[in-house]
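Novice: Its first residue numbered 1, the sequence shown is counted upward by one per residue in UniProt numbering. Here a beta-carbon is modelled for each residue, glycine too, at the ideal position from N, C-alpha and C. Keep in mind that this is a model prediction, so the values were computed, not measured.
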Amino acid sequence: MATKSLDNKNSSTSGTDTSSASTTGAEGSSKKLASVDNATVDKNEMNSSPLHKFFVSALKDVYYAENAIIEALGKMQEAATTDELKEAFEDHQLLTQKHVKRLEKVFKLINETPEQKECKAIKGIIEEGEEIIKSTEEGSMTRDAALIIAAQKVEHYEIATYGGLAQLAITMGHDKAADLLEKTLQEEEDTDYELTEIAETFINFDAEQED
Ligand SMILES: [Fe+2]
Ligand SMILES: [Fe+2]
1 MATKSLDNKN
11 SSTSGTDTSS
21 ASTTGAEGSS
31 KKLASVDNAT
41 VDKNEMNSSP
51 LHKFFVSALK
61 DVYYAENAII
71 EALGKMQEAA
81 TTDELKEAFE
91 DHQLLTQKHV
101 KRLEKVFKLI
111 NETPEQKECK
121 AIKGIIEEGE
131 EIIKSTEEGS
141 MTRDAALIIA
151 AQKVEHYEIA
161 TYGGLAQLAI
171 TMGHDKAADL
181 LEKTLQEEED
191 TDYELTEIAE
201 TFINFDAEQE
211 D
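#1: Please confirm whether T191 and M141 have their CB atoms less than 8 Å apart.
#2: DSSP three-state label for D42, please.
#3: I'd like the list of long-range same chain contacts for M76, defined as Cβ closer than 8 Å, with 5 residues on each side in sequence excluded.
#4: I think I198 touches E84, with their Cβ atoms under 8 Å apart; what is that distance to the nearest whole Å?
#5: For the structure I just gave you, are there three or more beta carbon pairs, one from the stretch 95 to 111 and one from the stretch 193 to 210, closer than 8 Å?
#6: Is it the case that the Cβ atoms of T184 and H99 are separated by a distance below 8 Å?
#7: Tell me which residue opens and which closes the alpha helix (DSSP H) that T196 is part of.
#8: Would you mind sorting K60 into buried or exposed? The rule is 16 or more other CB atoms within 10 Å of its CB.
#9: Count the other CB atoms, across all protein chains shown, that sit within 10 Å of the CB of D7; report buried if there are 16 or more and exposed otherwise.
Here is the structure:
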């Protein structure tokens, strides 16, 4: 996963410089550049394009997801065994509130209203986390080891979403929106890394000792 995260970051950085689509090779770049020109020339046309509609729909989807994650992190924090993991969940809950605010800015930047659209993927991932709480013993390290994996599934979902949306924003000429989406992408990647660190420092080893 670390490789995928780096790929996202690298392609985002190079895309900012050229504003052409660095993720699709040379073949697609002239087409993409043309769509950036259209976006500048005719804003109305851009706002009704299928890609713009998809972009807005995907933003609504992740806006729903971030709000659902705030609630889920509260439950995971309560259920966690160690102070380290409780703190990590609390920190990320605060960060997730910022992600919601940032998405509201993105909607504003592209003249759209923030709306939530039910995201089945995140609902499933969160349900899985709730199952883990039910099926592991309270106060056990096994619960923490399992909760970390559940939380990382959430982060990886977000990394995939923000990585793709930031690239689309660059392609469509929404540079300010792209910057905000990339900022959140970076924070999701950092959180994923921190969770791995916590697991590998002691939680996984202690869980392995449990009967
Ligand atoms: Fe987030
Ligand atoms: Fe996150």
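Specialist: Per the coordinate set shown:
#1: no
#2: Annotation note: pLDDT 47 at D42 (below 50); position unreliable, no value reported.
#3: F89, G129, I133, L147, A150 and A151
#4: 6 Å
#5: no
#6: yes
#7: D175 to I198
#8: buried
#9: Since pLDDT at D7 reaches only 42, below the 50 mark, its modelled position is unreliable, and no value is offered.
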